[in-house]
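Peer 1: Pasting in a structure now, in structure tokens, and then I'll have a few things to ask.
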Amino acid sequence: MISRRQALAGGGLLIVGVLPIRRGRAATQQPGATEKELIFRSTEPRNAEPKLSDLIQSWITPTKFFYIRSHAPNPRIDPQQYRLKIDGMVDRVTELRLEDLQRYPERTITATLTCAGNRRAEFNQQAPVGGVQWEAGAIGNATWTGVALADVLNDVGVADQARHVWLEGLDAVPHGEGTIPFGASIPIEKAIDADDGLGALLVTKMNGEPLSEDHGFPLRAIVPGYIGARSVKWLGRVSLAEHPSPNHYVAEAYKVVTDTSPLAWAEAGPIYRYPINAAIGKPEAGMTVPAGPLEVAGYVLPSGKRDSRVREVWVSADGGRGWVMAELVGEELPYCWRLWRAEVEVTPETKELICRASDSTGEFMPPRIAWNAKGYLQNSWFRLPINVQ
Ligand code: MTE
Numbered sequence: 217m218i219s220r221r222q223a224l225a226g227g228g229l230l231i232v233g234v235l236p237i238r239r240g241r242a243a244t245q246q247p248g249a250t251e252k253e254l255i256f257r258s259t260e261p262r263n264a265e266p267k268l269s270d271l272i273q274s275w276i277t278p279t280k281f282f283y284i285r286s287h288a289p290n291p292r293i294d295p296q297q298y299r300l301k302i303d304g305m306v307d308r309v310t311e312l313r314l315e316d317l318q319r320y321p322e323r324t325i326t327a328t329l330t331c332a333g334n335r336r337a338e339f340n341q342q343a344p345v346g347g348v349q350w351e352a353g354a355i356g357n358a359t360w361t362g363v364a365l366a367d368v369l370n371d372v373g374v375a376d377q378a379r380h381v382w383l384e385g386l387d388a389v390p391h392g393e394g395t396i397p398f399g400a401s402i403p404i405e406k407a408i409d410a411d412d413g414l415g416a417l418l419v420t421k422m423n424g425e426p427l428s429e430d431h432g433f434p435l436r437a438i439v440p441g442y443i444g445a446r447s448v449k450w451l452g453r454v455s456l457a458e459h460p461s462p463n464h465y466v467a468e469a470y471k472v473v474t475d476t477s478p479l480a481w482a483e484a485g486p487i488y489r490y491p492i493n494a495a496i497g498k499p500e501a502g503m504t505v506p507a508g509p510l511e512v513a514g515y516v517l518p519s520g521k522r523d524s525r526v527r528e529v530w531v532s533a534d535g536g537r538g539w540v541m542a543e544l545v546g547e548e549l550p551y552c553w554r555l556w557r558a559e560v561e562v563t564p565e566t567k568e569l570i571c572r573a574s575d576s577t578g579e580f581m582p583p584r585i586a587w588n589a590k591g592y593l594q595n596s597w598f599r600l601p602i603n604v605q
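Numbering (my numbering), first residue to last: 217 to 605.
Written out as structure tokens, the structure reads:
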């Protein structure tokens, strides 16, 4: 068995898909999406999702239709002054400028990002739930360009005892009397799972353009397969430790609990991977359609394991008695969603369309899930009300 230090030193890492390093024009902050493109659930901080009919138009989500989830106002970061601090259980405490990242091989991956609160609003049918009232648009699929976290950790040297990588943002989130940075934590095994970027990536570009301010300019983490909260934006610090980060967004928030007592928080573990999920984007909710054949389309995301692939998506127009298997369209890549379409027969009795899905790891969307206090991981059968004439 190889030790972690050996693994990081290259023993367990295979250099594949290395793209040439491009030293392009200096990155600048881009303006974010507007109310024309996204439905804003709040503007300060900026929290917005696309209409599902826009979202399912393309396998790669254009940045203007990509959801924004921020806990605090966007920090304004001068790229010249910017430094990424790397500390904790490392051989060399380091500060990297953006230019320093160009020392490492550039990697481009495609990965779906989804908020743990996606579809939160549906929990209100069981009992009221607080937080941003997301419908099913807090998800998007983009290309991400940057350097593998594994390459950087390999360079700075990680102590064998280190078990977790803490990621910390440069934003200031109101908390108690003061403010805290948004923080995440990932097991070191995930950080070094692959150095092709599919373990964890430090990203400077989204869909081929410098990150916009909304999406974490100038540098963010992308952790494929994990809930969006682990992909820290405006990344300021990477720290190695024996235990998960004590940051509020790891130690308390982003846990599935039915009450928010200190005991419930303490007993629940942090959410890492996202579960399988799917939604219907066509027709739109509440639409009136004629009786007869109806084209239905949507997205499906397999559970967040590298080898997890969508197996089947099914659609019902009669309350779950009969099901039609959907056709999957577009590319199939690790940690990426797929789009799908199906044709179902609707009658004046049809009050809703339902979709459900399964993946190759045995995960499936259940008919119902238990309510939880923060409204996370809603992945029960997706139900879309329609009127048929
Ligand atoms: N990083 C920082 N620094 N601050 C934040 O509020 N929100 C997280 C994550 N990274 C957040 C953050 C959450 S909850 C999600 S779902 C994703 O960013 C959303 O990324 P996006 O806004 O680029 O879609």
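Glycine is no exception: its CB is placed at the ideal position from the N, C-alpha and C atoms. A quick note: this is a predicted structure, and the numbers were derived from the prediction, not measured.
Identify which residue in R522, G346, C571 and A437 has its Cα closest to the Cα of W360.
Peer 2: As a working note, residue 360 is residue 144 in the sequence shown. Of the listed residues, the one whose Cα sits closest to W360 is A437.
Peer 1: Please report how far the alpha carbon of D376 lies from the alpha carbon of I402, in whole angstroms.
Peer 2: In the sequence shown, residue 376 corresponds to position 160, counting from 1. In the sequence shown, residue 402 corresponds to position 186, counting from 1. Looking at the two C-alpha atoms, the distance is approximately 16 Å.
Peer 1: Going by DSSP, name the residue or residues bridged to K421.
Peer 2: Reading the sequence shown from its first residue, position 205 is the one you call residue 421. For K421, which the question treats as bridged, DSSP gives the partners T361 and P426.
Peer 1: My understanding is that A400 touches V448, with C-beta atoms under 8 Å, so please give their C-beta distance in whole angstroms.
Peer 2: Stepping through the sequence shown from its first residue, residue 400 is reached at position 184. Stepping through the sequence shown from its first residue, residue 448 is reached at position 232. The pair is a contact, with the Cβ atoms about 5 Å apart (cut-off 8 Å).
Peer 1: According to the Cβ coordinates, are A327 and P440 closer than 8 Å?
Peer 2: Residue mapping note: residue 327 aligns to position 111 of the sequence shown, counting from 1. Residue mapping note: residue 440 aligns to position 224 of the sequence shown, counting from 1. Yes, these two residues count as a Cβ contact at 8 Å.
Peer 1: Answer yes or no: the CB of I284 versus the heavy atoms of the ligand PLP, is any distance below 7 Å?
Peer 2: Among the ligands in the structure shown, the ligand PLP does not appear; only the ligand MTE can be found there.
Peer 1: Assuming C331 contacts I443 under a Cβ cut-off of 8 Å, what Cβ separation, rounded to an integer in Å, is found between them?
Peer 2: Counted from its first residue, the sequence shown places residue 331 at position 115. Counted from its first residue, the sequence shown places residue 443 at position 227. About 7 Å separates the two Cβ atoms, so the contact holds.
Peer 1: Would you check if the stretch 515-528 and the stretch 567-576 touch, i.e. whether three or more CB-CB distances between them fall below 8 Å?
Peer 2: As far as the Cβ criterion goes, the stretch 567-576 touches the stretch 515-528, which means the pair count is three or higher.
Peer 1: If you check the beta carbons only, do V545 and V531 fall under 8 Å apart?
Peer 2: Residue numbering aside, residue 545 sits at position 329 when the sequence shown is read from its first letter. Residue numbering aside, residue 531 sits at position 315 when the sequence shown is read from its first letter. Contact: no.
Peer 1: What are the boundary residues of the beta strand (DSSP E) that A482 is part of?
Peer 2: As a working note, residue 482 is residue 266 in the sequence shown. Not the beta strand (DSSP E): A482 falls in the alpha helix (DSSP H), residues P478 to E483.
Peer 1: Excluding five sequence neighbours on each side, which residues of the same chain lie with their C-beta closer than 8 Å to the C-beta of F580?
Peer 2: Start at 1 with the first residue of the sequence shown, and residue 580 comes out as number 364. Correct list, in chain order: I492, R572, A573 and S574.
Peer 1: Mark V232 as exposed unless 16 or more other C-beta atoms lie within 10 angstroms of its C-beta, in which case mark it buried.
Peer 2: Locating residue 232 in the sequence shown gives position 16, where the first residue counts as 1. Confidence at V232 is low in this model, with a pLDDT of 33, below 50, so its placement is unreliable and no value can be given for it.
Peer 1: Among Y470, M503, R319 and G394, whose alpha-carbon lies nearest the alpha-carbon of N370?
Peer 2: Residue numbering aside, residue 370 sits at position 154 when the sequence shown is read from its first letter. With distances taken between Cα atoms, N370 lies closest to R319.
Peer 1: Once DSSP output is grouped into helix, strand and coil, what is the label at A437?
Peer 2: Position 221 of the sequence shown, counting from 1, holds the residue named residue 437. The answer is strand: DSSP assigns A437 an E or B state.
Peer 1: Closer than 7 Å by C-beta to G538: which residues in its own chain qualify, once you throw out the five before and the five after it? Chain order, please.
Peer 2: Translated into positions along the sequence shown, residue 538 becomes position 322. The residues are S532.
Peer 1: Is S477 buried or exposed, if buried means 16 or more other CB atoms sit within 10 Å of its CB?
Peer 2: Taking the first residue of the sequence shown as 1, we reach residue 477 at position 261. Burial call: exposed.
Peer 1: Is L254 a contact residue of the ligand MTE, with contact defined as CB to any heavy atom under 7 Å?
Peer 2: Residue mapping note: residue 254 aligns to position 38 of the sequence shown, counting from 1. Not so, every heavy atom of the ligand MTE lies at least 7 Å from the Cβ.
Peer 1: I'd like to confirm something about W553: is its beta-carbon nearer than 7 Å to some heavy atom of the ligand MTE, or not?
Peer 2: Position 337 of the sequence shown holds residue 553. W553 Cβ: outside cutoff for every heavy atom of the ligand MTE.
Peer 1: Can L383 and L451 be called in contact, C-beta distance under 8 Å?
Peer 2: The residue you call residue 383 lines up with position 167 of the sequence shown. The residue you call residue 451 lines up with position 235 of the sequence shown. Yes. Within cutoff.
Peer 1: Just to confirm, does L167 get its C-beta within under 7 Å of one of the non-hydrogen atoms of the ligand MTE?
Peer 2: This structure cannot speak to residue 167, because the chain is shown only from 217 to 605.
Peer 1: Spatial neighbours of R238 within its chain, please: C-beta separation below 6 Å, excluding the five flanking residues on both sides.
Peer 2: The sequence position of residue 238 within the sequence shown is 22, counting from 1. Its pLDDT being 32, under 50, R238 is placed unreliably by the model, and the measurement read from it follows with that caveat. There are no such residues.
Peer 1: Classify N588 as buried or exposed, calling it buried when 16 or more other Cβ atoms lie within 10 Å of its own Cβ.
Peer 2: In the sequence shown, the residue the question calls residue 588 occupies position 372. The residue in question, N588, is buried, as its Cβ has 16 or more Cβ neighbours within 10 Å.
Peer 1: In this structure, how does DSSP classify F580 when only helix, strand and coil are distinguished?
Peer 2: Taking the sequence shown and counting its residues from 1, the one referred to as residue 580 is at position 364. If DSSP states are grouped into helix, strand and coil, F580 belongs with the strands.
Peer 1: For the beta strand (DSSP E) that K498 lies in, which residues bound it at each end?
Peer 2: Taking the first residue of the sequence shown as position 1, residue 498 is located at position 282. Residues N493 to K498.
Peer 1: May I have the straight-line CA-CA distance separating R262 from P291, to the nearest angstrom?
Peer 2: The residue given as residue 262 occupies position 46 in the sequence shown. The residue given as residue 291 occupies position 75 in the sequence shown. Near 12 Å, if we compare the C-alpha coordinates of P291 and R262.
Peer 1: Kindly indicate which residue of E251, R599, P390 and A482 has the alpha-carbon position closest to the one of R584.
Peer 2: By one-based count along the sequence shown, residue 584 stands at place 368. Minimum Cα distance to R584 is reached at R599.
Peer 1: If I'm right that P460 touches H391 with Cβ under 8 Å, what's the distance once you round it to whole angstroms?
Peer 2: The residue given as residue 460 occupies position 244 in the sequence shown. The residue given as residue 391 occupies position 175 in the sequence shown. About 18 Å separates the two Cβ atoms, so there is no contact after all.
Peer 1: Please find out if some non-hydrogen atom of the ligand MTE comes closer than 7 Å to the beta-carbon of W275.
Peer 2: Locating residue 275 in the sequence shown gives position 59, where the first residue counts as 1. Flag unset: Cβ of W275 not near the ligand MTE.
Peer 1: Taking the C-alpha atoms as reference points, what is the distance between R525 and L593?
Peer 2: Within the sequence shown, the letter at position 309 stands for residue 525. Within the sequence shown, the letter at position 377 stands for residue 593. So the alpha carbons of these two residues sit roughly 19 Å apart.
Peer 1: Taking DSSP as the reference, what is the three-state secondary structure of F339?
Peer 2: The residue labelled residue 339 in the question sits at position 123 within the sequence shown. Three-state result, F339: helix.
Peer 1: Quick check: does the Cβ of S447 come within less than 7 Å of any heavy atom belonging to the ligand MTE?
Peer 2: Indexing the sequence shown from 1 puts residue 447 at position 231. Yes, Cβ of S447 sits closer than 7 Å to a heavy atom of the ligand MTE.
Peer 1: May I ask whether a heavy atom of the ligand MTE can be found less than 7 Å away from the beta carbon of G385?
Peer 2: Within the sequence shown, numbered from 1, the residue matching residue 385 stands at position 169. Result yes, Cβ under 7 Å from the ligand MTE.
Peer 1: Below 7 Å, is the gap between the Cβ of D303 and the nearest heavy atom of the ligand MTE?
Peer 2: Taking the sequence shown and counting its residues from 1, one reaches residue 303 at position 87. Because no heavy atom of the ligand MTE lies under 7 Å away, the Cβ of D303 does not count as near it: no.
Peer 1: Reducing DSSP to helix, strand and coil, say where V526 ends up.
Peer 2: Taking the sequence shown and counting its residues from 1, the one referred to as residue 526 is at position 310. The answer is strand: DSSP assigns V526 an E or B state.
Peer 1: Report the three-state DSSP secondary structure of V472 (helix, strand or coil).
Peer 2: As a working mapping, residue 472 is identified with position 256 in the sequence shown. Three-state DSSP puts V472 in coil, outside helix and strand.
Peer 1: Hey, quick one: how far does the beta strand (DSSP E) through H380 stretch, first residue to last?
Peer 2: Working through the sequence shown from its first residue, we reach residue 380 at position 164. Looking at the DSSP string, the run of the beta strand (DSSP E) that includes H380 is H380 to G385.
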